[in-house]
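Contents: one structure, followed by commentary.
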Amino acid sequence: MPDANPRVLVVGAGPAGLTCASHLAKMDVAVDLAEQGQAVGGAVRQYEHAEIWVPIPGLTANSLVAGFRQEARQARLTLLLGRRVTSIQVREDCILADDQPYAAVVLATGAPPRGLEHAGEGVIVAPGRALESVDVRGLRVAVCGGGDNAFENAARMRREGAACVDVFSRGDLRARPQLIREALDLGARIAVGPYRIEGRRIVRAQDPRNDDQFDIVAVLWGFAPRLPKIEAPGLTAGAPLKGRHPLPRLWVIGDALPDEERSILAAMGDGSRVAKAVEAFLHSDQCWTEKALSLGAVDA
């Protein structure tokens, strides 16, 4: 029988997760918000400026994160910082998160950057503060990746005085044509074809003897959703989840959805919509339980 006082777990305190948890709390749903890091904000905290996502001139990532913290306090969320959820088990009467039962779970675990397992000195994975804070004047820079982030950063580093910027892409260039043109106009060079990274050397498969040594290697291979291990009746181990409500009692939102557009506003809207869906599910579940109790169909 479902819990008479259902509790929901939201995993991830970025824009999607925080919005979802806040809306649930305002609808009088008991909610835990688990975040494996030590602060709310998610990927926003990696950047300096927020107007690249939110069309408000002068908006900084720091001010946006401060707003998230204030919202968490005002909504009186049960915020579990430093808690990493590693496994989800879907059952008929509940859903377990690391063996702790909940009525529903919302995964807002984001999409961390794809990168090297062990990045050495001078190798920076993902865009954001870590890369933007590097003084590249006079340095030789390799940018690995063929998307928008790769070419935006290639152009920026040329403007900031990098001695040379070489962009390495394993396949077709995915970046917008205007970004590619801008980087080329500023003197960046492009090499397309298989390569591997060895420290700060880029070794191209087409000519392995012609390896290139750089001062900085920026690895910008995009992002991939991060989800805990999920077990459910009928679900094949490792099978991809589809949609925002792939399994009973389980929702996936924001950047944790495959191929989802990385946008703060979209993530927050996602959080709001799914909060309403979760609340409706809980209400419906409770209504049926109460009706069954009144008819004597189940034991109290």
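Once you know that position 157 of the sequence shown is 233 in our numbering, the rest is easy, because the numbers rise by one and skip nothing.
Just so it is clear, CB atoms sit at the ideal spot from N, CA and C, and this is done for glycine as well.
Query raised in the report: Pick from A238, A231, G310 and V105: whose alpha carbon is nearest that of A251?
Result: Taking the first residue of the sequence shown as 1, we reach residue 251 at position 175. Considering only A238, A231, G310 and V105, the residue with the shortest C-alpha distance to A251 is A231.
Query raised in the report: How big is the Cα-Cα spacing for A239 and L215?
Result: Here residue 239 refers to the residue found at position 163 when the sequence shown is read from its first residue. Here residue 215 refers to the residue found at position 139 when the sequence shown is read from its first residue. Spanning the two alpha carbons is a distance of roughly 5 Å.
Requested in this report: Compute the Euclidean distance between the alpha carbons of P324 and I132, then round it to the nearest angstrom.
Outcome: In the sequence shown, residue 324 corresponds to position 248, counting from 1. In the sequence shown, residue 132 corresponds to position 56, counting from 1. Taking the straight line from one Cα to the other gives about 38 Å.
Query raised in the report: Nearest CA to the CA of V105: which residue from R159, A179 and D331?
Result: In the sequence shown, counting from the first residue as 1, residue 105 sits at position 29. A check of alpha carbon separations from V105 across R159, A179 and D331 identifies A179 as the nearest.
Query raised in the report: Any chance the CB of P322 is under 7 Å from a heavy atom of the ligand SAH?
Result: In the structure on display, the ligand SAH does not appear, and there are no ligands present to speak of.
Requested in this report: Spatial neighbours of Y123 within its chain, please: CB distance less than 6 Å, with the 5 preceding and 5 following residues excluded, ordered by chain position.
Outcome: Indexing the sequence shown from 1 puts residue 123 at position 47. If we look at Y123 and ignore the five residues flanking it on each side, its Cβ neighbours are A137 and G204.
Requested in this report: State the beta-bridge partners of K352 as determined by DSSP.
Outcome: Your numbering for residue 352 matches position 276 in the sequence shown. Answer by DSSP bridge pairing: none, since K352 is not bridged.
Query raised in the report: In terms of residue numbering, what span does the alpha helix (DSSP H) encompassing S420 cover?
Result: Any question about residue 420 goes unanswered here, given that the chain covers just 77 to 376.
Query raised in the report: With which residues is Y123 paired in a DSSP beta bridge?
Result: Numbered from 1 along the sequence shown, position 47 holds the residue referred to as residue 123. Paired residues: none, contrary to the question.
Report task. For L262, I'd like the list of residues in its chain whose CB is within less than 6 Å of its CB, leaving aside the five on either flank, ordered along the chain. Result -> Locating residue 262 in the sequence shown gives position 186, counting from the first residue. The beta carbon of L262 sits closer than 6 Å to the beta carbons of A231 and R234 from its chain, once the five residues preceding and following it are set aside; these are given in chain order.
Query raised in the report: Whose CA, out of D335, G223, P177 and L153, lies closest to the CA of E168?
Result: Within the sequence shown, the letter at position 92 stands for residue 168. Ranking the options by Cα distance to E168, first place goes to P177.
Query raised in the report: Between which two residues does the beta strand (DSSP E) containing Q165 stretch?
Result: In the sequence shown, counting from the first residue as 1, residue 165 sits at position 89. Its beta strand (DSSP E) spans residues S163 to V166.
Query raised in the report: What residue ranges within the segment 131-174 form continuous alpha helix (DSSP H) runs of no fewer than 4 residues, ordered along the chain?
Result: Within the segment 131-174, the complete alpha helix (DSSP H) runs of at least 4 residues are 137-150.
Query - Cβ shell of A195 (< 6 Å), same chain only, five flanking positions each side left out - result: Indexing the sequence shown from 1 puts residue 195 at position 119. Counting only Cβ-Cβ distances below 6 Å, and skipping sequence neighbours, we find V201.
**Report entry** Beta carbon of V107 nearer than 8 Å to that of V199
**Finding:** Sequence index remark: in the sequence shown, residue 107 carries index 31 (1-based). Sequence index remark: in the sequence shown, residue 199 carries index 123 (1-based). For V107 and V199, no; Cβs fall outside 8 Å.
Query - A89 versus L183 - alpha carbon distance - result: As a first step, residue 89 must be located in the sequence shown, where it is residue number 13. As a first step, residue 183 must be located in the sequence shown, where it is residue number 107. One Cα belongs to A89, the other to L183, and the distance between them is close to 10 Å.
Report task. Measure the Cβ-Cβ separation of A173 and S98 and say whether it is below 8 Å. Result -> On the sequence shown, residue 173 is found 97 positions in, with the first residue counted as 1. On the sequence shown, residue 98 is found 22 positions in, with the first residue counted as 1. In this structure, A173 sits away from S98, with a CB-CB distance that is not shorter than 8 Å.
Query raised in the report: For V350, which residues from the same chain have a beta carbon less than 7 Å from its beta carbon, with the 5 sequence-adjacent residues on both sides left out?
Result: Reading the sequence shown from its first residue, position 274 is the one you call residue 350. In chain order, C96, V182, R320, W327 and I329 place their CB closer than 7 Å to the CB of V350, counting only its own chain and leaving out the 5 sequence neighbours on each side.
Query raised in the report: Any contact of the segment 217-230 with the segment 301-315, i.e. 3+ C-beta pairs under 8 Å?
Result: Too few Cβ pairs lie closer than 8 Å, so no.
Report task. May I have the straight-line CA-CA distance separating L155 from A315, to the nearest angstrom? Result -> For the purposes of this step, residue 155 is identified with residue 79 of the sequence shown, where counting begins at 1. For the purposes of this step, residue 315 is identified with residue 239 of the sequence shown, where counting begins at 1. Roughly 30 Å separates the two Cα atoms.
**Report entry** Residue from D175, K318, S139 and F244 whose Cα sits closest to the Cα of V19
**Finding:** An answer regarding residue 19 cannot be provided, because it is not within the stretch 77 to 376 covered by the chain.
Query raised in the report: Do V212 and I292 have their CB atoms nearer than 8 Å?
Result: Walking along the sequence shown from the start, residue 212 turns up at place 136. Walking along the sequence shown from the start, residue 292 turns up at place 216. Yes, the pair counts as a contact, with Cβ atoms nearer than the cut-off.
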